[in-house]
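Asker: Below you will find the structure I want to go over with you.
Protein chains: 2
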Amino acid sequence: MRTDTTFKRAFNDMIDIIGTLDLGAELPSENALRTQLGVSRTTVRKVLAGMSARGIIISEAHKRIIREQPRQKERYPKKETLAISEQVETSFMEWMLRGDACPGTEINETELARKFGVATTIVREFLNRFQKYGLIEKRQNAGWVFKGFTASFALELFEIREMFEMRSARLFAALPDGSPVWKQIQSMRAAHLELLADIDARFQDFSELDSRFHRLITAVAPNRFIESFQDVITMVFHYHYQWNKRDERARNEVAIREHLALIEALESRNIALIDRACRLHLTSARETLLHSIA
Amino acid sequence: MRTDTTFKRAFNDMIDIIGTLDLGAELPSENALRTQLGVSRTTVRKVLAGMSARGIIISEAHKRIIREQPRQKERYPKKETLAISEQVETSFMEWMLRGDACPGTEINETELARKFGVATTIVREFLNRFQKYGLIEKRQNAGWVFKGFTASFALELFEIREMFEMRSARLFAALPDGSPVWKQIQSMRAAHLELLADIDARFQDFSELDSRFHRLITAVAPNRFIESFQDVITMVFHYHYQWNKRDERARNEVAIREHLALIEALESRNIALIDRACRLHLTSARETLLHSIA
DNA sequence: CCCCCGTTTTTTATACATAAGAAACATATG
DNA sequence: CATATGTTTCTTATGTATAAAAAACGGGGG
């Protein structure tokens, strides 16, 4: 009853690998492919069997030769490469952010399972994991309550975020000159400037850069609880702004400039400057989020 | 297949309720009992049926009379009143803290289920919830890795704890004189003094008082993420010290005195004093934990 | 002896089944 | 008609089943 999404994803990835090779070339060993694809050898063999069956490769004794380049239409559609649990996450977020749920709504496992067309087990597992985001709460022997994507959620989120980011930024600035992070922060600045130069076309790339930037700063003094909190932030921004595109370009441009200011402050090693730049950025991010919730 | 632990717990609680009433007295209505017992009316009726069957009460038309006081041995044993998921939690903690697991150990759902004598579903659900404590990590399509109850875990835990508690203590001190919390903190002080006076006999009561004290301070400015983190702390102390009783009395006495110092600092409203008392307490708690891990 | 591939065993992801418990509905009684 | 009990329906907690994926095992060739 398990779905074969791992296989399908690996199959698609294999198409890309073959694309980099010439006709008639020999494929790497199963073990090598296993590492490249990040799956077990069992799955590699299944993929290879599939490729053989389609005439893309020929399996000779102990080697596999590329016979023809796979067509793009052989790819499995994206949706079939997502585990059921991942699909449930998307469905749930959509349900939540589309506004089908207002604060206080009771969440019914059975009903969600029916609505999403999956087994209750999966919904249950998802809700248990999702609990850490602070948007739902469980009641003993009964269902869950949706607490709402509200202003107070945003405020509490940002209170913690501010504590964590200020802490990381200070530790960051205290690193010795020789540390490799100063190189990394410079390339980070370059990436920001590049994006800014082409902001009209590429403003949607910011979200990923944002996440990378904050993770770089946090990574200098790892703390599992802070990292876990970053997941919350990532989730919020990823999904929330996926359903709320208003002013996206302008919003991102402002954030990029704030990042640049923070980078400069970090390089100055001046605590007061850093605090100010950091707080400024977070305040503006918070206001933007609050604005979009209201 | 669901266990009837809810019923058994309610049954035991009902024995206590009947204990407060006289022979021949009439029991409260089903709805009233429902509220008192904190279960559904369905369960109340099942309990009443059980009491009838044992001759403890007599059900006449629309009323139930106490016929004889239930004997203590009618109680269900404690273990049967714990949901399977709760039992799994205990089993897992024991497995972990007894030292059967060293850092890096791979956790196998099937094996744990066999070892604990429960369904894999339950183990899976437990691990998913337990993830938030930062002690285990999931790997895609494979099992879990136990990261170890290590010194770095303790350090990371206390880094966050310090941020959160200092924040709450400062906000606490900023409350106006008229606020009811000042009354509450006074009775908190009284509770501490009482415990201290009888420390040799009651040192084990500290754990619960500790939790209540920290929650009182945190509660003045609620933040769901901080509250959720408190669960981590509670779990750590609850289970860890359950398996590590060394110096418990002395440890708790020191902590009580530190709490009293913090209470005094709070009442002084002097930020510098508060910071110092708070940090002192946390440092000592951290050292104690580190010491007991090594 | 180490890597490669074929085969077998074990584990995970997901579906489904069912008793216990909660909630909703219906009826009776003061 | 409001509140209490009797009855029915729906939901959750927990167990079992199974295909997919991972891991372990084993023989053969360089």
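Protein sequence lines correspond, in order, to chains A and B.
With our numbering applied, the first sequence corresponds to residues 1 to 294, in that order.
With our numbering applied, the second sequence corresponds to residues 1 to 294, in that order.
Glycine included, every Cβ here is placed at the ideal spot set by N, Cα and C.
Which residues of chain B have a Cβ atom closer than 7 Å to the Cβ of N141 of chain A, listed in chain order?
Answerer: T6
Asker: Measure the CB-CB distance between L290 of chain B and A154 of chain B and report whether it falls below 9 Å.
Answerer: yes
Asker: Curious, which full-length alpha helix (DSSP H) runs of at least 4 residues does the stretch 106-149 of chain B contain?
Answerer: If you keep only unbroken alpha helix (DSSP H) runs of at least 4 residues inside the stretch 106-149 of chain B, you get 109-116, 120-130.
Asker: Taking 9 Å as the CB-CB cut-off, is G134 of chain A touching chain B?
Answerer: yes
Asker: What does the alpha-carbon distance come out to for the pair R98 of chain B and R45 of chain A?
Answerer: 41 Å
Asker: Compute the Euclidean distance between the alpha carbons of D275 of chain B and E267 of chain B, then round it to the nearest angstrom.
Answerer: 13 Å
Asker: Residues in its own chain within less than 7 Å of R161 of chain A by CB, not counting five upstream and five downstream?
Answerer: I233, L282
Asker: Assess contact between the stretch 57-77 of chain A and the stretch 18-27 of chain A, defined as three or more Cβ pairs (one per stretch) separated by less than 8 Å. Is contact present?
Answerer: Because the criterion of three Cβ pairs below 8 Å is met, the stretch 57-77 of chain A and the stretch 18-27 of chain A touch.
Asker: Taking Cβ positions, are I107 of chain B and V47 of chain B nearer each other than 9 Å?
Answerer: no
Asker: Taking DSSP as the reference, what is the three-state secondary structure of S40 of chain A?
Answerer: coil
Asker: Rounded to whole angstroms, what is the Cα-Cα separation between T120 of chain A and R257 of chain A?
Answerer: 46 Å
Asker: R114 of chain B: buried (16+ other C-beta within 10 angstroms of its C-beta) or exposed?
Answerer: exposed
Asker: Return no unless some Cβ of chain A is closer than 9 Å to the Cβ of L157 of chain B.
Answerer: yes
Asker: Name the one or two DSSP bridge partners that R64 of chain A has.
Answerer: A:S59
Asker: Under 9 Å, CB to CB, which of the residues in the stretch 153-180 of chain B have a partner in chain A?
Answerer: F153, L155, E156, L157, E159, I160, M163, F164, R167
Asker: What are the residues in the stretch 19-30 of chain A lying within 9 Å of chain B by C-beta distance?
Answerer: none
Asker: Could you tell me whether the stretch 1-15 of chain A touches the stretch 67-86 of chain A, where touching means 3 or more Cβ pairs closer than 8 Å?
Answerer: yes
Asker: Give me whichever residues DSSP pairs with E26 of chain B in a beta bridge.
Answerer: B:I65
Asker: Are the stretch 237-249 of chain B and the stretch 216-229 of chain B touching, with three or more C-beta to C-beta distances below 8 Å?
Answerer: no
Asker: Using a Cβ cut-off of 8 Å, pull out every chain B residue sitting near T121 of chain A, in sequence order please.
Answerer: T121
Asker: Let me confirm a value: K245 of chain B is counted as buried when at least 16 other C-beta atoms fall within 10 Å, else exposed. Which label applies?
Answerer: Exposed.
Asker: For chain A, find out if any of its Cβ atoms is closer than 9 Å to the Cβ of K147 of chain B; answer yes or no.
Answerer: With 9 Å as the cut-off, K147 of chain B counts as an interface residue toward chain A.
Asker: Helix, strand or coil for V220 of chain A, going by three-state DSSP, please let me know.
Answerer: coil
Asker: Can you give the Cα-Cα distance for L127 of chain A and M96 of chain B, rounded to whole angstroms?
Answerer: The alpha-carbon atoms of L127 of chain A and M96 of chain B are separated by roughly 25 Å.
Asker: Chain B partners of E106 of chain A, CB-CB under 8 Å?
Answerer: Chain B residues near E106 of chain A: none, gap ~15 Å exceeds 8 Å.
Asker: Would you kindly check if the distance between the Cβ of R124 of chain B and the Cβ of E109 of chain B is under 9 Å?
Answerer: yes
Asker: Looking at C-alpha atoms only, which residue of B:L112, B:A169, B:Q186, B:L195 is the closest neighbour of F92 of chain B?
Answerer: B:L112
Asker: Give every residue of the same chain whose Cβ lies closer than 7 Å to the Cβ of C278 of chain A, excluding the five residues on either side of it in the sequence, and list them in chain order.
Answerer: So the list reads E165, M166, A169, L262, once near-sequence residues are dropped.
Asker: Output the distance between the C-alpha atoms of G178 of chain A and S228 of chain A, rounded to the nearest integer angstrom.
Answerer: 29 Å
Asker: When we look at the beta-carbon of L193 of chain A and count the other beta-carbons within 10 Å, is it buried (16 or more) or exposed?
Answerer: exposed
Asker: If you reduce the DSSP assignment to three classes, tell me which class S179 of chain B lands in.
Answerer: If DSSP states are grouped into helix, strand and coil, S179 of chain B belongs with coil.
Asker: Looking at the structure shown, is K8 of chain A part of a helix, part of a strand, or coil, going by DSSP?
Answerer: helix
Asker: Quick one: which chain A residues come within Cβ less than 8 Å of S228 of chain B?
Answerer: K132, G134
Asker: Would you call A174 of chain B buried or exposed, if buried means 16 or more other Cβ atoms sit within 10 Å of its Cβ?
Answerer: exposed
Asker: So, helix, strand or coil for L21 of chain A, using DSSP?
Answerer: Coil.
Asker: State the Cα-Cα distance for the pair Q36 of chain A and I65 of chain A, rounded to the nearest angstrom.
Answerer: 18 Å
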